[in-house]
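Chemist: Our numbering puts the first residue of the sequence shown at 214, with every later residue one more than the last.
Virtual Cβ for every residue (Gly too), placed ideally from N, Cα, C.
Because the structure is a prediction, the values reported are computed rather than measured.
Got a structure here, written out as structure tokens. Questions coming.
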Amino acid sequence: MLVLNIAPVALPHIDLLVMNFKGIFICRPWLFALLPNPPLAMVIFPFILLKDKQLKNFPVLLNHEYIHIKQILELGILPFYILYLLIFYVNWIIYRDRHLAYLNICFEREAYANDTNLDYLSKRGFWAWRNYR
Ligand SMILES: [Zn+2]
């Protein structure tokens, strides 16, 4: 009997490369022209959309978006966006205010609480957003 013993191949350098991915910048995306109130920045993985090229000079803003990139890499693209929207709509029912609903999404709470700490991503624990519910 032939037994194939296929163990998962550990490629730590590739894991490290993937987990340190920080997004691809797109400045002044056409999508923002369609929005009545476009944000300064937004992550549509793997892209970081910036309202203006000058925003690349704002480390706190970039750090905020990098935190989202990390959350997405850990959780998976689709689960992240599904959970993000689900929490947003639940919050909207609870707070009856769109902005409050957005600010209280655990992913945003983690990002806003730590975006001024530029070392945060190097020390952050796995699925750290769970601590911001
Ligand atoms: Zn955010």
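#1: Taking C-alpha atoms, which residue in Val231, Leu274 and Ile306 lies nearest to glutamate 321?
#2: What's the C-alpha gap between aspartate 265 and tyrosine 308?
#3: For leucine 263, which beta-bridge partners are listed by DSSP?
#4: Near arginine 241, which residues of its chain fall below 8 Å by C-beta distance, leaving aside the five closest residues on each side in sequence?
#5: Specify the secondary structure class of asparagine 306 as computed by DSSP and reduced to three states.
#6: Taking 7 Å as the line, does the beta carbon of alanine 246 fall inside it for any heavy atom of ligand 1?
Modeler: Quick answer:
#1: Counting from 1 along the sequence shown, the entry for residue 321 is found at position 108. Nearest option by C-alpha distance: Leu274.
#2: Residue mapping note: residue 265 aligns to position 52 of the sequence shown, counting from 1. Residue mapping note: residue 308 aligns to position 95 of the sequence shown, counting from 1. Spanning the two alpha carbons is a distance of roughly 31 Å.
#3: If you number the sequence shown from 1, residue 263 lands on position 50. Answer is Cys240 and Ala254.
#4: Your numbering for residue 241 matches position 28 in the sequence shown. These residues qualify, in order along the chain: Leu263, Lys264, Asp265 and Lys266.
#5: Your numbering for residue 306 matches position 93 in the sequence shown. For clarity, residue 306 is isoleucine in the given sequence; the question names asparagine instead. Isoleucine 306 falls in the helix class under three-state DSSP.
#6: Taking the first residue of the sequence shown as position 1, residue 246 is located at position 33. No, Cβ of alanine 246 sits at least 7 Å from all heavy atoms of ligand 1.
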